[in-house]
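Report on the structure given below.
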Amino acid sequence: MAQDNTLVMILAGGEGKRLYPLTKDRAKPAVPFGGRYRIIDFVLNNFINSGFYKIKVLTQYKSDSLNKHISRGWALSPHINQYIDLVPAQMRTGGAWYQGTADAVYQNMFHINDEDPKYVCVFGGDHIYKMDVSQMLHFHKKNNADLTISAIPIPLSEASEFGIIEVDDNWRLTNFVEKPQYPPKPMPNNPDMCLASMGNYIFKKDILLDALIEDAGIENSNHDFGKNVIPMLLNQGKNIYIYNFYSNKFAGMTEAERGYWRDVGCVDAYWQANMDLLVANPELNLYSNKWPLRTFNYNYPPAKFIWQEGDRIGMATNSMVSEGCIVSGGIISKCVLSPKVRINSYSQVTESILMEDVNVGRYSEIRRAIIDKNVSIPPYTKIGFNREEDEKRGFYVSPNGVTVVPKGAIL
Numbered sequence: 006m007a008q009d010n011t012l013v014m015i016l017a018g019g020e021g022k023r024l025y026p027l028t029k030d031r032a033k034p035a036v037p038f039g040g041r042y043r044i045i046d047f048v049l050n051n052f053i054n055s056g057f058y059k060i061k062v063l064t065q066y067k068s069d070s071l072n073k074h075i076s077r078g079w080a081l082s083p084h085i086n087q088y089i090d091l092v093p094a095q096m097r098t099g100g101a102w103y104q105g106t107a108d109a110v111y112q113n114m115f116h117i118n119d120e121d122p123k124y125v126c127v128f129g130g131d132h133i134y135k136m137d138v139s140q141m142l143h144f145h146k147k148n149n150a151d152l153t154i155s156a157i158p159i160p161l162s163e164a165s166e167f168g169i170i171e172v173d174d175n176w177r178l179t180n181f182v183e184k185p186q187y188p189p190k191p192m193p194n195n196p197d198m199c200l201a202s203m204g205n206y207i208f209k210k211d212i213l214l215d216a217l218i219e220d221a222g223i224e225n226s227n228h229d230f231g232k233n234v235i236p237m238l239l240n241q242g243k244n245i246y247i248y249n250f251y252s253n254k255f256a257g258m259t260e261a262e263r264g265y266w267r268d269v270g271c272v273d274a275y276w277q278a279n280m281d282l283l284v285a286n287p288e289l290n291l292y293s294n295k296w297p298l299r300t301f302n303y304n305y306p307p308a309k310f311i312w313q314e315g316d317r318i319g320m321a322t323n324s325m326v327s328e329g330c331i332v333s334g335g336i337i338s339k340c341v342l343s344p345k346v347r348i349n350s351y352s353q354v355t356e357s358i359l360m361e362d363v364n365v366g367r368y369s370e371i372r373r374a375i376i377d378k379n380v381s382i383p384p385y386t387k388i389g390f391n392r393e394e395d396e397k398r399g400f401y402v403s404p405n406g407v408t409v410v411p412k413g414a415i416l
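Every letter in the sequence shown is one number past the one before it in my numbering, and letter 309, counting from 1, is 314.
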């Protein structure tokens, strides 16, 4: 059912510093994931599959590739007032770029006034998950909430890494603590778990607008929803409820997918989330036709695997290989290949992510690496075997030993 009285605003202007160098030339939501997707595709699919068709994507940082991806791959029907609009930073309220998540929406309040919805969804564009958002909206309406925040249960031991939400037995917000250094209050009926904010909000329109105007007038505010706006609304006694993401169900959901949500904000988390897709029954199923995952469709030929002559074998095991790839006499294992990757003879690539237009030369060996797009790897090259050598060549090596070769690097 279409949610015609709701406007969606997706925050997609983040710089993604912890994901550098993958964000050297692109915004974090535009970083490829799972071979042929971009990170932002997941939140867009969540809303489209949930019946939300009025979507504004707020962009700012190095948004060119993000703009191209959405404009080319995400066309809805304007004839029936369906749209996914790109909204670049326009400095309408002064001469500054977005100063925080709340300021990004504040600078675009005219879109809310023009559309005049009853509810406004403000969601981040940089997480990997599936969610039927209509269930959260139903929860919001049922409780006559001024604001509803989605939260995911996490172990108490991980609380210091997230914005933590404390609730009463009716799931009303009682406290919001950003990355607490002390054990927070456990969630209801589970003493070992607490609730982490997912950064996804549903507001009554008037509550949101009033809060943004008030926050904008506070000189020392960070103009951030988590740090400023939510505590302000809590102090004002607003009706704030917490939606338990673990209770969310979507069409075709497997039990393994229940509560799946990943913050791929650093290289190690990003690499691991891609590797998780390669097991036989992954927590995130990309293949369900009941909850389709749309993206821009490339007009490339099918993937091809060639040569079986002695030890010259074109073979892939436990891997995802996108269209346009050619595995020509080389071997890949536990890899994610974006479109138009070529693996040449006698090369071996393991536990790696190769983005579009990567060419791996003969006899090369690569392991635990992320090779960004448009990189040609010369024959006999080794990557991912020696941290010091990789760092000397100017490559970033993560704390867990994942080597990142940046976009367009010349080896």
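Even for Gly, the Cβ is constructed at its ideal location relative to N, Cα and C.
Inset, instruction - Mind the definition here: the region 279-296 touches the region 212-227 only if three or more C-beta pairs lie below 8 Å; say whether that holds. - result: These segments do not touch.
Legend entry - For I89 and I60, believed in contact at Cβ under 8 Å, the rounded distance: Confirmed, about 5 Å.
Inset, instruction - For D119, write down the residues that DSSP places opposite it in a beta bridge. - result: As computed with DSSP, D119 is found in no beta bridge at all.
Inset, instruction - Verify whether the separation of the beta carbon atoms of S327 and P344 is less than 8 Å. - result: Yes, they are a contact pair.
Legend entry - Bounding residues of the alpha helix (DSSP H) (the contiguous stretch that carries D211): Its alpha helix (DSSP H) spans residues K210 to A221.
Legend entry - For L200, the three-state DSSP class (helix, strand or coil): DSSP places L200 in strand when its eight states are reduced to three.
Inset, instruction - Go ahead and label D174 buried or exposed: buried means 16 or more other beta carbons lie within 10 angstroms of its beta carbon, across all protein chains shown. - result: Result: exposed.
Inset, instruction - Classify E496 as helix, strand or coil using the three-state DSSP reduction. - result: There is simply no residue 496 to check, as the chain begins at 6 and stops at 416 in what is shown.
Legend entry - Under the three-state DSSP convention, the category L16 falls into: In the structure shown, L16 sits in a strand (DSSP, three-state: E or B).
Inset, instruction - Give the DSSP bridge partners of E370, in chain order. - result: Q353 and K387.
Legend entry - Opposing strand residues paired with F181 [DSSP bridges]: In the DSSP output, where bridge partners are listed per residue, F181 has I170.
Legend entry - 6 Å Cβ shell around K22 - same chain, five flanking residues per side excluded: Taken in chain order, the list of residues that qualify is empty.
Legend entry - Element boundaries [beta strand (DSSP E), containing T408]: Segment T408 to V410, the beta strand (DSSP E) holding T408.
Inset, instruction - Compute the distance between the beta-carbons of A256 and M237, then report whether it is under 8 Å. - result: A256 is not a Cβ neighbour of M237, given a cutoff of 8 Å.
Inset, instruction - Indicate whether L239 and F301 have their beta-carbon atoms separated by less than 8 Å. - result: F301 sits away from L239, with the two beta carbons spaced by 8 Å or more.
Inset, instruction - Spell out the partners DSSP gives C340 in its beta bridges. - result: Looking at the DSSP assignment, C340 forms a beta bridge with S357.
Inset, instruction - List the residues that DSSP assigns as beta-bridge partners of K2. - result: Residue 2 falls outside the range modelled here, since the chain spans only 6 to 416, and no answer is possible.
Inset, instruction - At 4 residues or longer, and completely inside the region 226-288: list those alpha helix (DSSP H) runs for me, N to C. - result: Along the length of the region 226-288, whole alpha helix (DSSP H) runs at least 4 residues long occupy 235-240 and 272-281, reported in chain order.
Legend entry - Cα-Cα separation between P37 and R77, rounded to whole angstroms: In this structure, the CA atom of P37 is about 16 Å from the CA atom of R77.
Inset, instruction - Figure out for me which residue from G406, L416 and N391 has the closest Cα to the Cα of P383. - result: Ranked by how close their Cα comes to the Cα of P383, the residues G406, L416 and N391 have L416 in first place.
Inset, instruction - Compute the beta-carbon to beta-carbon distance between F125 and M14, rounded to the nearest angstrom, for a pair I have assumed lies under 8 Å. - result: Before going on, a small fix: residue 125 reads as Val here, not Phe. Contact check for V125 and M14: beta-carbon distance about 6 Å, within the 8 Å limit, so the pair qualifies.
Legend entry - Rounded C-alpha distance that separates R398 from V407: In a straight line, the C-alpha of R398 is about 14 Å away from that of V407.
Inset, instruction - Compute the beta-carbon to beta-carbon distance between S202 and A274, rounded to the nearest angstrom, for a pair I have assumed lies under 8 Å. - result: Rounded, the Cβ-Cβ distance is 17 Å, inconsistent with contact.
Legend entry - Residue of T386, V402 and L342 minimising C-alpha distance to Y42: Distance check between Y42 and each of T386, V402 and L342 places L342 closest, using alpha-carbon atoms only.
Inset, instruction - Give me whichever residues DSSP pairs with I85 in a beta bridge. - result: DSSP, once it has assigned bridges, lists no residue as partnering I85.
Legend entry - Minimum C-alpha distance to K210 - residue among V110, N233, G18 and L24: Comparing Cα-Cα distances from K210 to each of V110, N233, G18 and L24, the minimum goes to V110.
Inset, instruction - Just the C-alpha distance for N4 and Y265, rounded to the nearest angstrom, thanks. - result: Any question about residue 4 goes unanswered here, given that the chain covers just 6 to 416.
Inset, instruction - Sort out for me which residues DSSP pairs A321 with in a bridge. - result: Residue pairing for A321: DSSP places it in a beta bridge opposite I337.
Legend entry - Boundaries (first-last residue) of the beta strand (DSSP E) holding A156: Per DSSP, the continuous beta strand (DSSP E) segment holding A156 begins and ends at L152 to P160.
Inset, instruction - Indicate the three-state DSSP secondary structure (helix, strand or coil) for F301 in the structure shown. - result: Three-state result, F301: coil.
Legend entry - Separation of M360 from C330, as counted between CA atoms: A direct Cα-Cα distance of roughly 11 Å separates C330 from M360.
Inset, instruction - Would you kindly work out how many angstroms separate the C-alpha atoms of I318 and R267, rounded to a whole number? - result: About 35 Å.
Inset, instruction - Quick one: grab the DSSP three-state call for R41. - result: R41 falls in the coil class under three-state DSSP.
Inset, instruction - Following the continuous beta strand (DSSP E) through G413, name the residue where it begins and the one where it ends. - result: For G413, there is no enclosing beta strand (DSSP E), as DSSP marks it with neither H nor E.
Inset, instruction - Compare the C-alpha of V363 against each of S357, I376, S369 and M280 and name the closest. - result: Answer by Cα proximity: I376.
Legend entry - C-alpha distance - K309 paired with L16, whole-angstrom precision: Between K309 and L16, the C-alpha separation is close to 38 Å.
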